[in-house]
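Colleague:
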Ligand SMILES: Nc1ncnc2c1ncn2[C@@H]1O[C@H](COP(=O)(O)OP(=O)(O)OP(=O)(O)O)[C@@H](O)[C@H]1O
């Protein structure tokens, strides 16, 4: 069935989104599965036609993935064993929960030109978070958008912005008439990495189309600054997207005029709060648009020309620090989630100790359909375990994370030596190498991307069906962002953490904090085998 998601399939999707998470999605005892004594076998296979949508719109087949699930005792090696049928689990998983709301973009009050453009791009149905965010932003509220990874947060803010500024805005607001366009910057979008910045640029360009894509301009670090400055002068973009350092630098040089800016978007806002970005963020917050209430007596001085900006903060993880800054950077910001919009004061961000704060930040940040496992391996055997994991899951595209840059080369070398196409991606590489590596991965020329925290945030490679932690993430927030590189927009995805025996307690802590099942497994005879786990939480031992 090659059916593009559209009007015809909305009802079907509503049905599937309500009922069809057959294995992990709806199992109420997931949280208890970690203590489940059963021993299982799981074999996941990607159907050939399943995810092939580089240029195609999202369709049901692109979301579908067959997953044979059975259980057996670990010691039962016979794959034909009848115990596979007695699993008490569904034998075929056709589709996980796609986060589409049963609404169309036209019901959200977007401009007609923009809706036409969305249709051209095959985008007919908004996701849940887009349904919540678009009308709220359209009403000029400052917002914090929090929704799990891969749920479509980028379009959740890009669409209401494009509905108000630029060539796609409401016709009665001057849309389509390019002579009527203002020539100053009207929206600034800040992202913590150049990769994420460029991804957002491409998303905006895709909607603006080839003739109008000059209205968005990248200002990311690592790229040639004078060329960026020339492009600002020549193209007079309305939207700039960049990294904090480069935006602040060009602004300080007097080449970026943002005082009249209407929108300031801080994507991955919790990351933008990190110490590294402090000075640059300070400049951006001071110079982009006018903060409402800055001049209560109407004495605006040199800032006379500023308008009030609308501040939009976005992340899958919203720690208490974000709740605090949101209230100072924005005005009565609302918290927008897939489930609806609430005030930031309604119990969100109640002061808690730092441990609880991290836990709270990560809750709800993971796609519900993701499957999580961990396996135990000695340090020197980790890469071999990774290779066996890739084969056992028949992963099409895998991202593997380490905490440091140096060992990545070794991982790539060892994988390639065993015939697995791999490449490393990290901040020490030059701009060209980073771009080429990412492109090769997205194009399917590289099967495994070995990377560090650089790629944990925002990176959108829909075909990525496996994330492997070769090193443990530092906390549940980092786990969530790494894990979120797979299982995007309702697709199936698997996360495997390969840890040493002495690190098992960390995995157990992560699953407690995240409220998810992370099952112990091993890779044997080309299969992922779920293992029995020691129950004694005190000794925190697990045996395979
Ligand atoms: N309404 C839609 N219909 C079809 N595809 C969509 C829709 N909205 C977003 N997408 C696609 O879904 C993918 C994930 O979107 P996006 O990157 O915005 O997720 P996100 O929530 O920002 O994830 P993260 O938290 O990891 O940054 C992208 O490929 C995007 O183009």
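Numbering (the UniProt record's numbering), first residue to last: 1 to 544.
We put the beta carbon where it would ideally sit given N, CA and C, even for glycine.
1. Taking residue 361 and residue 318 to be in contact with their CB atoms under 8 Å, please state how far apart those CB atoms are, rounded to whole angstroms.
2. Verify the contact flag: residue 488, CB atom, against every heavy atom of ligand 1, threshold strictly below 6 Å.
3. Give me, in chain order, the residues of the same chain whose beta-carbon lies closer than 7 Å to that of residue 216; leave out the 5 immediate sequence neighbours on both sides.
4. Residues bridged to residue 424 by DSSP?
5. To the nearest angstrom, how far is it from the Cα of residue 268 to the Cα of residue 188?
6. Using a Cβ distance threshold of 8 Å, determine whether the segment 493-507 contacts the segment 373-386, with at least three qualifying pairs required.
7. Can you tell me whether residue 152 sits near ligand 1, meaning its C-beta is under 6 Å from at least one heavy atom of the ligand?
8. Can you tell me whether residue 384 sits near ligand 1, meaning its C-beta is under 6 Å from at least one heavy atom of the ligand?
9. The alpha helix (DSSP H) that contains residue 476, what's its start and end?
10. Assign residue 269 to one of three DSSP states: helix, strand, or coil.
11. Going by other Cβ atoms of all chains shown within 10 Å of its Cβ, with 16 needed for buried, is residue 71 buried or exposed?
12. Buried or exposed: which applies to residue 300, given that a residue is buried once 16 or more other Cβ atoms fall within 10 Å of its Cβ?
13. Determine, using beta-carbon pairs with one atom in the segment 454-461 and one in the segment 472-486, whether at least three such pairs fall under 8 Å.
14. Per DSSP, what are the beta-bridge partners of residue 521 in this structure?
15. Return yes when the C-beta of residue 595 is under 6 Å from any heavy atom of ligand 1, and no when it is not.
16. Output the distance between the C-alpha atoms of residue 154 and residue 195, rounded to the nearest integer angstrom.
17. Is residue 125 helix, strand or coil by DSSP?
18. Can you have a look at residue 309 and say buried or exposed, based on whether 16 or more other CB atoms are within 10 angstroms of its CB?
19. Which one of 392, 193, 424 and 327 has the shortest CA to CA distance from residue 528?
20. Tell me the residue span of the beta strand (DSSP E) that contains residue 248.
21. Nearest to residue 258 by alpha carbon, out of 277, 271, 285 and 445?
22. Buried or exposed for residue 280, please, with buried defined as at least 16 other CB atoms from any protein chain shown within 10 angstroms of its CB.
23. Grouping DSSP H, G and I as helix and E and B as strand, with all else coil, what is residue 206?
24. How would you write the range of the beta strand (DSSP E) that residue 372 sits in, first residue to last?
25. Cα-Cα, which of 526, 140 and 163 is closest to residue 110?
Modeller: Let me spell this out:
1. 6 Å
2. yes
3. 201, 204, 205, 208, 237, 239 and 241
4. 450
5. 14 Å
6. yes
7. yes
8. no
9. 476-483
10. helix
11. With a pLDDT of only 32 at residue 71, under the threshold of 50, the placement of this residue in the model should not be trusted; the figure read from the coordinates follows. So residue 71 counts as buried.
12. Its pLDDT being 47, under 50, residue 300 is placed unreliably by the model, and the measurement read from it follows with that caveat. Residue 300 should be labelled exposed.
13. yes
14. 530
15. In the structure as shown, the chain starts at 1 and stops at 544, and residue 595 therefore has no counterpart that could be examined.
16. 14 Å
17. coil
18. buried
19. 392
20. Premise fails: residue 248 lies in the alpha helix (DSSP H), 244-252, not in any beta strand (DSSP E).
21. 285
22. buried
23. helix
24. 371-376
25. 163
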